[in-house]
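Let me begin by presenting the structure, written as structure tokens, before commenting on it.
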């Protein structure tokens with residue numbers, strides 16, 4: 015079960031904010047073709063930009079985000095994109111190119127965390143993916159993300175999933 019943002023500890027809020035920024039950065043990277051370093055640099059420079067449409071919320075997210083985690087997620091997901099995509103592709107009902115770009119960014123992030131950040135429980139990865147899809151994705155995108163990440167967790171973390179389901 016997912017905690018509401020009010021119930022989350024400051025560390026959990028910082029990680030959630032880092033994931034939000036990472037998804038936005040991955041989306042921008044996918045859409046623009048800019049280097050991931052350039053995308054990160056733009057994100058960090060926008061902190062001082064007074065003309066941002068959602069200025070107050072941007073500062074709030076940047077102010078609480080775990081920026082080291084943001085950096086790790088952004089660079090490592092982009093750097094391992096081919097392997098991550100090969101992990102995701104067999105679970106999809108369509109081609110990667112046909113996925114909504116924000117859902118693809120969320121799936122890539124979730125796949126990275128399931129594969130490499132073993133200290134993060136698989137249920138947390140799935141729940142964070144669902145929340146990101148609810149916040150940024152299409153109306154029912156969270157259901158699709160949930161299904162794919164759940165299947166992926168069963169493949170990548172079978173022991174952890176089996177122990178949880180007992």
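In our numbering, the protein residues as written are 15 to 180.
Beta carbons: idealized from backbone N, C-alpha and C, even for Gly.
Remember, predicted model here, so these are calculated numbers, not experimental data.
Residue 47 sits in coil when the DSSP states are folded into three classes, being neither helix nor strand. For the 8 Å CB-CB criterion, residue 163 and residue 143 form a contact.
In the structure shown, residue 133 adopts coil according to DSSP, grouped into three states.
With at least 16 other beta carbons inside 10 angstroms of its own, residue 122 counts as buried.
The count of Cβ pairs closer than 8 Å, one atom from the segment 106-116 and one from the segment 53-61, stays below three, leaving the stretches out of contact.
In the DSSP assignment, residue 81 falls within the unbroken alpha helix (DSSP H) covering 81-93. At the C-beta level, residue 85 and residue 54 come within 8 Å of one another. Look at residue 143 here: in three-state DSSP terms it is helix. The C-beta distance from residue 106 to residue 166 rounds to 10 Å, too long to meet the 8 Å contact threshold. In this structure residue 87 is in contact with residue 32, their Cβ atoms being roughly 7 Å apart against a cut-off of 8 Å. Annotated three-state conformation of residue 36 is helix, per DSSP. For the pair residue 25 and residue 83, the Cα-to-Cα distance works out to about 11 Å. Looking at the backbone, the Cα of residue 145 and that of residue 156 are separated by about 7 Å.
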